[in-house]
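Protein chains in written order, with our numbering: chain A, 1 to 344; chain B, 345 to 688. These notes are about the structure you will find just below.
Take a look at the structure:
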């Protein structure tokens with residue numbers, strides 16, 4: 001079989017040993033809570049270089065099972081004021097004596113190649129807090145890759161002793177699903193709007209939310225935001241009755257990143273849900289399901305890598321690709337020929 | 345290697361020959377434009393039974409490259425009036441002397457297991473048209489599976505001589521991406537709303553749309569719908585400048601499924617875009633890219649099937665699954681052990 005045992009030379013084995021040692025050393029720094037080690041460790045797991053993969057694997061093995069953070073997912077549509085909210089929310093959390101890490105995920109679309117999130121230094125005040133660690137994710141990778149790397153970065157923050165990790169992203173494409181699948185509590189930030197626009201919110205995203213926060217509850221929009229929160233709260237109770245919620249439905253509340261109104265209450269609500277879920281076993285069940293799904297994704301990725309490094313399969317693929325593109329051969333039929341024909 | 349050459353008995357080979365013959369016979373009926381054959385052929389490609397896969401494969405091979413339909417994708421949020429619009433739009437197309445197939449895709453979420461689209465018999469008038477063929481997709485499958493089967497059903501409609509195939513689905517989760525990736529022209533149906541709610545539309549979906557239609561341009565909402573169309577038209581021209589559009593940006597127009605206002609114009613616009621894209625080579629390029637992506641998906645599916653039918657790998661998976669769920673072993677590390685350890 002291809003892609004394995006390809007280079008068992010003494011030189012290569014020695015190099016792999018050094019890479020593993022590099023990973024373990026970094027793990028020691030992470031476990032000691034050193035910020036520089038954590039930053040370097042995240043850079044390592046984000047790296048696509050083969051030798052870094054060996055080191056990253058040793059690093060992650062060395063921190064397996066260590067740490068116990070509350071993992072909060074936060075998304076919202078562009079323009080809802082997410083960065084400002086994370087700044088206010090994060091400062092409140094740090095003010096409670098908690099150590100906070102923020103992973104800002106940028107689901108740069110493969111289509112545009114561009115960055116959606118823009119400049120992360122907008123969190124000017126939070127950045128200066130000694131107990132806060134803010135990390136933007138690398139752009140350019142496909143969403144699947146971002147999800148895998150973010151899961152590992154989250155594990156590293158946890159191992160470094162952070163009490164709370166916020167995974168934050170703009171709500172586009174599948175990014176909400178990704179964030180919900182990485183975290184314990186999924187928070188959806190939405191703008192104030194009349195109740196009759198409820199339909200416009202993607203139902204799939206509503207289904208995932210544990211908490212809805214209606215931002216911009218200040219100035220001229222304060223009343224609208226409160227009315228929107230009331231509308232959503234009512235709708236959520238009507239729409240859903242699900243296990244895993246202390247009240248049988250997610251909550252909705254108005255907040256203002258600008259004035260800080262509702263921020264403390266949002267945090268208290270999250271803490272209360274988490275405490276209840278831990279006690280009832282829901283948190284562990286959710287994490288177990290997430291881990292099982294990630295295992296499948298990791299296996300699929302490795303099966304593809306093995307396929308991609310198989311010269312016979314690649315030759316078959318190259319031979320049939322043109323016919324498939326022209327429409328002369330169905331993709332399924334070509335795949336059948338390629339997978340049956342190559343690989344060993 | 346596992347999963348192949350497992351049963352080369354004479355009996356099994358004879359059975360496979362019969363299955364292939366069954367597929368080829370059905371193909372003859374499809375190519376003759378027989379509706380019953382088409383319906384049975386779609387049922388065959390939707391089947392998950394192993395013997396049906398052999399027959400389906402022969403069927404698809406036999407119709408490869410036949411047909412030349414205009415493939416239109418149509419999605420919109422729940423409640424926008426999609427079925428009513430497809431009925432009005434479809435009757436207009438049939439009225440132009442075209443043969444029309446409608447594939448109504450139901451992206452039943454793995455989460456809820458339920459059907460979102462509901463009763464397809466709502467298209468009461470279109471259903472009675474002799475030149476229209478309406479087919480709801482099976483519910484219950486995962487989105488990836490629905491996409492694969494819908495692509496094949498679409499090919500069958502095309503081979504049966506339909507001039508136009510509409511792939512219609514409610515806009516939830518990733519279903520829009522799926523529909524856009526199956527069709528030549530992606531149409532997004534949205535409700536009337538003030539221009540300042542533009543932000544609420546998922547940017548990723550806007551990026552995909554070739555045409556935006558603002559529905560319900562009748563009665564009390566007529567003016568709002570027209571204003572919304574004007575807002576979007578302006579925004580789209582500001583936001584985008586892309587190749588593959590005759591005017592460098594998608595268009596936006598108000599329509600009414602109830603009165604039929606704007607329906608003829610929407611059809612003319614689609615025909616004009618398609619004619620321009622064919623002439624400029626954009627249609628073939630888009631289809632080639634779609635086929636290449638589908639090839640990758642089909643290969644990935646077969647790699648997974650091969651893995652899932654490998655007893656050694658499955659034993660490894662079973663042994664490590666519990667550790668992964670408990671958080672004692674990282675999914676990536678477990679995947680490494682499983683893929684390196686099993687498979688041959």
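C-beta: ideal position from N, C-alpha, C; glycine also.
With burial defined as no fewer than 16 other Cβ atoms inside 10 Å of the residue's Cβ, what is the status of residue i: buried or exposed?
i, result
"residue 248 (chain A)", "exposed"
"residue 181 (chain A)", "buried"
"residue 381 (chain B)", "buried"
"residue 462 (chain B)", "With a pLDDT of 44 at residue 462 (chain B), under the threshold of 50, the modelled position of that residue is not reliable, and no figure is offered here."
"residue 21 (chain A)", "exposed"
"residue 532 (chain B)", "buried"
"residue 74 (chain A)", "buried"
"residue 653 (chain B)", "exposed"
"residue 465 (chain B)", "Interpretation of residue 465 (chain B) is limited by its pLDDT of 49, a score under 50 that renders its predicted location unreliable; the figure taken from the coordinates is listed afterwards. Answer is exposed; the Cβ neighbour count stays below 16."
"residue 50 (chain A)", "exposed"
"residue 573 (chain B)", "buried"
"residue 27 (chain A)", "buried"
"residue 363 (chain B)", "buried"
"residue 639 (chain B)", "buried"
"residue 671 (chain B)", "buried"
"residue 450 (chain B)", "buried"
"residue 35 (chain A)", "exposed"
"residue 353 (chain B)", "exposed"
"residue 661 (chain B)", "buried"
"residue 495 (chain B)", "buried"
"residue 361 (chain B)", "exposed"
"residue 623 (chain B)", "exposed"
"residue 377 (chain B)", "exposed"
"residue 556 (chain B)", "buried"
"residue 677 (chain B)", "buried"
Within its chain, find whatever has a CB closer than 8 angstroms to the CB of residue i; leave out the 5 residues flanking it on each side and keep chain order.
i, result
"residue 611 (chain B)", "433, 436, 437 and 440"
"residue 397 (chain B)", "391"
"residue 618 (chain B)", "414, 528, 529 and 627"
"residue 340 (chain B)", "Coverage of chain B is limited to positions 345 through 688, which leaves residue 340 (chain B) absent and any answer about it impossible."
"residue 56 (chain A)", "23, 44, 45, 47 and 152"
Suppose the cutoff is 7 angstroms on Cβ atoms and the five residues either side in sequence are ignored; what does the same chain contact list for residue i look like?
i, result
"residue 329 (chain A)", "320 and 323"
"residue 375 (chain B)", "407, 410 and 503"
"residue 508 (chain B)", "413, 414, 416, 437, 442 and 444"
"residue 194 (chain A)", "Reliability fails at residue 194 (chain A), whose pLDDT of 49 lies under 50, so the model's placement of it is uncertain and the value that follows must be treated cautiously. For residue 194 (chain A), where only same-chain residues beyond five positions count, there are no Cβ hits under 7 angstroms."
"residue 384 (chain B)", "370"
"residue 609 (chain B)", "597"
"residue 196 (chain A)", "Its pLDDT being 41, under 50, residue 196 (chain A) is placed unreliably in this model, and the value from its coordinates should be taken loosely. Within the same chain, residue 196 (chain A) has no close Cβ partners at all."
Apart from the five residues just before and just after residue i, which ones in its own chain have a Cβ nearer than 6 angstroms to its Cβ?
i, result
"residue 588 (chain B)", "626"
"residue 237 (chain A)", "249"
"residue 364 (chain A)", "As shown, chain A starts at 1 and ends at 344. That puts residue 364 (chain A) outside it, with no answer to give."
"residue 129 (chain A)", "94"
"residue 147 (chain A)", "178"
"residue 553 (chain B)", "530, 532 and 594"
"residue 233 (chain A)", "252"
"residue 336 (chain A)", "none"
"residue 339 (chain B)", "Any answer about residue 339 (chain B) is impossible in this case: the structure gives chain B only from 345 up to 688."
"residue 205 (chain A)", "176"
If we call anything under 7 angstroms between Cβ atoms a contact, is residue i one with residue j?
i, j, result
"residue 386 (chain B)", "residue 497 (chain B)", "yes"
"residue 445 (chain B)", "residue 506 (chain B)", "yes"
"residue 331 (chain A)", "residue 642 (chain B)", "yes"
"residue 149 (chain A)", "residue 63 (chain A)", "no"
"residue 647 (chain B)", "residue 303 (chain A)", "yes"
"residue 224 (chain A)", "residue 191 (chain A)", "no"
"residue 500 (chain B)", "residue 479 (chain B)", "no"
"residue 368 (chain B)", "residue 402 (chain B)", "yes"
"residue 431 (chain B)", "residue 469 (chain B)", "yes"
"residue 422 (chain B)", "residue 511 (chain B)", "no"
What ranges does the beta strand (DSSP E) occupy inside the segment 214-291 of chain A, keeping only unbroken runs of at least 3 residues that lie completely in it? 251-254
Segment contact, 8 angstroms Cβ cut-off, at least three pairs: the segment 621-635 of chain B with the segment 252-267 of chain A: no
Any alpha helix (DSSP H) of 4 or more consecutive residues that is wholly inside the segment 149-182 of chain A: 175-180
Those runs of the alpha helix (DSSP H) which lie wholly inside the segment 380-461 of chain B and span at least 4 residues: 394-407 and 426-439
Counting pairs of Cβ atoms below 8 angstroms between the segment 259-266 of chain A and the segment 214-225 of chain A, do you hit three or more? yes
Taking the runs of the alpha helix (DSSP H) that are 4 residues or longer, which of them lie wholly in the segment 655-682 of chain B? 655-670
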